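Visitor:
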Amino acid sequence: GLNAIQGARIAGARRIVAVDMTEDKLAIAREFGATDTVLATEAKPWRAALQAMGRGADAVIVTVGAIPAYETAPRYLAAGGRVIMVGMPHSGAEASYEPVVLAALGQGMVGSKMGDVVIQRDIPWMVDLYLQGRLQLDSLISGRWRLDQINEAIADTKTGAARRNVILFNQPE
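Per our numbering, residue 1 is the first one in the sequence shown, and the count goes up by one each step.
This is how it looks when you write it as structure tokens:
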């Protein structure tokens, strides 16, 4: 999610609305470029997002694997908008939509695997953005763990509090 926010910021998006489960995570989203934030735990969070944007979104990037996020994503869209599916739900998980609404408003849904990156083109560009200070990578890392601490790193990640955990190989204790 944080990298989707950064990508939108770098691309020049006028409004970037982050939707997450906690105020702490929304505060972090603001650090990375979100202009507005909405708690996903609200009864109808898309209403707050639509109010912040003044209209629906051109793009909604779903970066979590939670089915409720996929089911509500179209509600955030403007006519002609697209949901980009990045997060991976468990295999076999299903979401329901109202197809007539998507069709009537010209909306769509598309999957994105690994950001549809073209390595030879995009990695040098991202390195350049990092060197310019426009792509925040260092501040994404919330924990560094030795290989023998991998179970603790995984547990930390599962709490939902970690931004990114890094496993360090060949590090002395």
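Every residue gets a Cβ at the ideal spot worked out from N, C-alpha and C, and that includes glycine.
Since the model is a prediction, treat every value here as computed from it, not as a measurement.
1. Nearest by alpha-carbon distance to Gln107: which of Ala57, His90 and Lys113 is it?
2. Spell out the partners DSSP gives Thr37 in its beta bridges.
3. May I ask you to report which of helix, strand or coil DSSP gives Met109?
4. Buried or exposed for Pro99, please, with buried defined as at least 16 other CB atoms from any protein chain shown within 10 angstroms of its CB.
5. Can you give me the start and stop residues for the alpha helix (DSSP H) that Leu131 sits inside?
6. Near Ala29, which residues of its chain fall below 8 Å by C-beta distance, leaving aside the five closest residues on each side in sequence?
7. Name, in chain order, the residues that DSSP records as bridge partners for Val62.
8. Going by DSSP, name the residue or residues bridged to Ala57.
9. Can you grab the Cα-Cα spacing for the pair Met88 / Val64, in whole Å?
10. Using the rule of at least 16 other Cβ atoms within 10 Å of the residue's Cβ for burial, across every protein chain shown, is Val60 buried or exposed?
11. Ignore the nearest five residues each way along the sequence and tell me which others in Ser112's own chain have a CB closer than 6 Å to its CB.
12. Taking only the alpha-carbon atoms, compute the straight-line gap between Ile141 and Ala162 and give it to the nearest angstrom.
13. Could you tell me which residues DSSP puts in a beta bridge with Ile167?
14. Please check the pair Arg146 and Val166, which I expect to be a contact at CB under 8 Å, by giving their CB distance rounded to whole angstroms.
Guide: According to the data block:
1. By one-based count along the sequence shown, residue 107 stands at place 107. Nearest of Ala57, His90 and Lys113 to Gln107, Cα basis: Ala57.
2. Counting from 1 along the sequence shown, the entry for residue 37 is found at position 37. Paired residue(s): Ala18.
3. Working through the sequence shown from its first residue, we reach residue 109 at position 109. Strand.
4. As a working note, residue 99 is residue 99 in the sequence shown. By the C-beta density criterion, Pro99 is exposed, having fewer than 16 other C-beta atoms within 10 angstroms.
5. Counting from 1 along the sequence shown, the entry for residue 131 is found at position 131. Counting along the chain, Leu131 sits inside the alpha helix (DSSP H) bounded by residues Ile119 to Leu131.
6. Within the sequence shown, the letter at position 29 stands for residue 29. Here the set comprises Gly1, Leu2, Ile5, Ala18, Asp20 and Thr37.
7. Counting from 1 along the sequence shown, the entry for residue 62 is found at position 62. Secondary-structure assignment with DSSP links Val62 through a beta bridge to Met85.
8. For the purposes of this step, residue 57 is taken as residue 57 along the sequence shown, with counting starting at 1. Bridge partners of Ala57: Leu77.
9. Within the sequence shown, numbered from 1, the residue matching residue 88 stands at position 88. Within the sequence shown, numbered from 1, the residue matching residue 64 stands at position 64. Approximately 7 Å between the Cα atoms of the pair.
10. As a first step, residue 60 is located in the sequence shown; it is residue number 60 there, counting from the start. It is buried - the Cβ of Val60 has at least 16 other Cβ atoms within 10 Å.
11. Counting from one through the sequence shown, the residue named residue 112 turns up at place 112. So the list reads Ile84 and Val86, once near-sequence residues are dropped.
12. Along the sequence shown, read from residue 1 onward, the residue named residue 141 stands at position 141. Along the sequence shown, read from residue 1 onward, the residue named residue 162 stands at position 162. Ala162 has its alpha-carbon roughly 8 Å from the corresponding atom of Ile141.
13. Here residue 167 refers to the residue found at position 167 of the sequence shown. The beta-bridge partner set that DSSP reports for Ile167 consists of Trp145.
14. Start at 1 with the first residue of the sequence shown, and residue 146 comes out as number 146. Start at 1 with the first residue of the sequence shown, and residue 166 comes out as number 166. Actually they are not in contact, since the Cβ atoms of Arg146 and Val166 sit about 10 Å apart, beyond 8 Å.
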